[in-house]
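The block underneath contains the structure these notes are about, expressed in structure tokens.
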Amino acid sequence: MERRKFLKNSGLGGAAILGSSLVAACQEKETEVGSLAAKVAEGPIVIATWDVPNATAKAYEILERNGTALDAVEQGVMVEEADVTNQSVGKGGRPDRDGHVTLDACIMDKDSRCGAVVYLQNIVHAVSVARKVMEETPHVMLAGAGAKQFAQEMGFPEEDLLTEKSREEWLEWKKTSQYKPVINIENHDTIGMLAIDANGDIAGACTTSGMAYKMAGRVGDSPIIGAGLFVDNEVGGATATGMGEEVVRTVGSFLIVELMRQGKSPQEACEEGVRRIIAKKKNYKDIQIGFIAINKAGETGGYCIHPGFSYRQYSGKGHLNTPAKSYIDA
Ligand code: ASP
1 MERRKFLKNS GLGGAAILGS SLVAACQEKE TEVGSLAAKV AEGPIVIATW
51 DVPNATAKAY EILERNGTAL DAVEQGVMVE EADVTNQSVG KGGRPDRDGH
101 VTLDACIMDK DSRCGAVVYL QNIVHAVSVA RKVMEETPHV MLAGAGAKQF
151 AQEMGFPEED LLTEKSREEW LEWKKTSQYK PVINIENHDT IGMLAIDANG
201 DIAGACTTSG MAYKMAGRVG DSPIIGAGLF VDNEVGGATA TGMGEEVVRT
251 VGSFLIVELM RQGKSPQEAC EEGVRRIIAK KKNYKDIQIG FIAINKAGET
301 GGYCIHPGFS YRQYSGKGHL NTPAKSYIDA
């Protein structure tokens, strides 16, 4: 407004008006720069959904060596993709109801560049394929057979992602399932990760095998920019875990970043994100949703519907697992 006024005044001419307006404009500029500087994080920081100390330690190791937030989040979540004991991400992930492990992932950087893969099979590091989509193609998202073809062209090795443990559990589920996809508050541990590097730049990544025993072809929120993940380097980032359909309906991560832009803290923004879902979902008690967020100042927050969700944080202040506050009390 001030700037527009300044331009108008200077257009009307008059050295005195121009002179004082120039001073005012310079002062305004200084204030803007000053408050932006005040918002920059003190040092590198990484947060991730769930208690994933190996993943956040890997990311922090990269940040400490002055690596980029983009490298940190990619390599951080790769730890979970390769971990067969994590049955919601990458290799060892629970299959769909037909026994196929299908992966969804996305990544977003400081310049709002982003890439995603959905319904990717037989490739462990879906997040790295998503990064290649971002860097090597003019597209944002590749799906199914096309995503796999692209991964093969990029040299990613192929392997069977269904471990014996996940296969046995799936066979057990089939005995009583009536072939219905499972919707419950357990079994969510999609890894969403957000990092700020030494330059103060933000990036995020999100990777999952999706809801256990989902219908064939089902894709959730995790690979959808704005739903499962969103980053705006001027403001902050947010990411989600839990029942993806609800996060998609409310464009959860974008909403949280926009709420932070309007002045809410990461904690307040995550709480509002969950409340929006609850407002539209009568049987919200049957589902779990967890959001985490970080702002440019390195402040963090997390919130969920049911108790039990936590987030890992690694910064100069240490390596912490923080149980998130929940809408429903413990
Ligand atoms: N958000 C994931 C999805 O809906 C599931 C999860 O977090 O476990 O695919």
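For the sequence shown, position 52 matches number 52 in the working numbering, and the numbering has no gaps at all.
The beta-carbon is built from N, C-alpha and C at its ideal position, and this holds for glycine as well.
Coil, strand or helix - residue i by DSSP
{"i": "Asn-295", "result": "strand"}
{"i": "Ala-212", "result": "coil"}
{"i": "Lys-325", "result": "strand"}
{"i": "Thr-85", "result": "coil"}
{"i": "Val-251", "result": "coil"}
{"i": "Ala-59", "result": "helix"}
{"i": "Gln-313", "result": "strand"}
{"i": "Glu-278", "result": "Before going further, note that residue 278 is Ile rather than Glu in the sequence given. Ile-278: helix per DSSP, three-state reduction."}
{"i": "Ile-256", "result": "helix"}
Whole-angstrom distance between residue j and residue i, CA atom to CA atom
{"i": "Thr-208", "j": "Asn-233", "result": "24 Å"}
{"i": "Ala-151", "j": "Met-134", "result": "13 Å"}
{"i": "Lys-165", "j": "Lys-174", "result": "14 Å"}
{"i": "Gln-288", "j": "Pro-266", "result": "19 Å"}
{"i": "Gln-121", "j": "Ala-82", "result": "14 Å"}
{"i": "Ala-145", "j": "Val-235", "result": "36 Å"}
{"i": "Gly-90", "j": "Gly-263", "result": "36 Å"}
{"i": "Gly-204", "j": "Gly-273", "result": "18 Å"}
{"i": "Gly-115", "j": "Pro-307", "result": "32 Å"}
{"i": "Cys-106", "j": "Ala-238", "result": "13 Å"}
{"i": "Arg-218", "j": "His-100", "result": "12 Å"}
{"i": "Val-140", "j": "Arg-113", "result": "8 Å"}
Heavy atom of ligand 1 within 7 Å of residue i beta-carbon
{"i": "Asp-197", "result": "no"}
{"i": "Asp-189", "result": "yes"}
{"i": "Thr-56", "result": "no"}
{"i": "Met-211", "result": "yes"}
{"i": "Gly-144", "result": "no"}
{"i": "Thr-241", "result": "yes"}
{"i": "Asp-208", "result": "The sequence shown places Thr at residue 208, rather than the Asp named in the question. Flag set: Cβ of Thr-208 near ligand 1."}
{"i": "Gly-228", "result": "yes"}
{"i": "Asp-83", "result": "no"}
{"i": "Val-111", "result": "Looking at the sequence shown, residue 111 is not Val but Asp. Incorrect: Asp-111 has no Cβ contact closer than 7 Å to ligand 1."}
C-beta contact flag for residue i and residue j at 8 Å
{"i": "Val-84", "j": "Gly-92", "result": "yes"}
{"i": "Ala-57", "j": "His-319", "result": "yes"}
{"i": "Val-118", "j": "Leu-161", "result": "no"}
{"i": "Ala-279", "j": "Cys-304", "result": "no"}
{"i": "Lys-285", "j": "Ile-328", "result": "yes"}
{"i": "Gly-76", "j": "Met-211", "result": "no"}
{"i": "Gly-228", "j": "Val-257", "result": "no"}
{"i": "Ala-126", "j": "Leu-142", "result": "no"}
{"i": "Ile-294", "j": "Ile-225", "result": "no"}
{"i": "Ile-202", "j": "Thr-49", "result": "no"}
{"i": "Ser-253", "j": "Asp-51", "result": "no"}
{"i": "Asn-86", "j": "Asp-221", "result": "no"}
{"i": "Gly-302", "j": "Gly-316", "result": "no"}
{"i": "Ala-269", "j": "Asn-66", "result": "no"}
query = Which ranges would you report for the beta strand (DSSP E) in the stretch 146 to 202 if only whole runs of at least 3 residues count?
reply = 191 to 196
ask   = What are the start and end residues of each continuous alpha helix (DSSP H) run of 4 or more residues lying completely inside the stretch 65 to 140, in chain order?
value = 69 to 82 and 126 to 136
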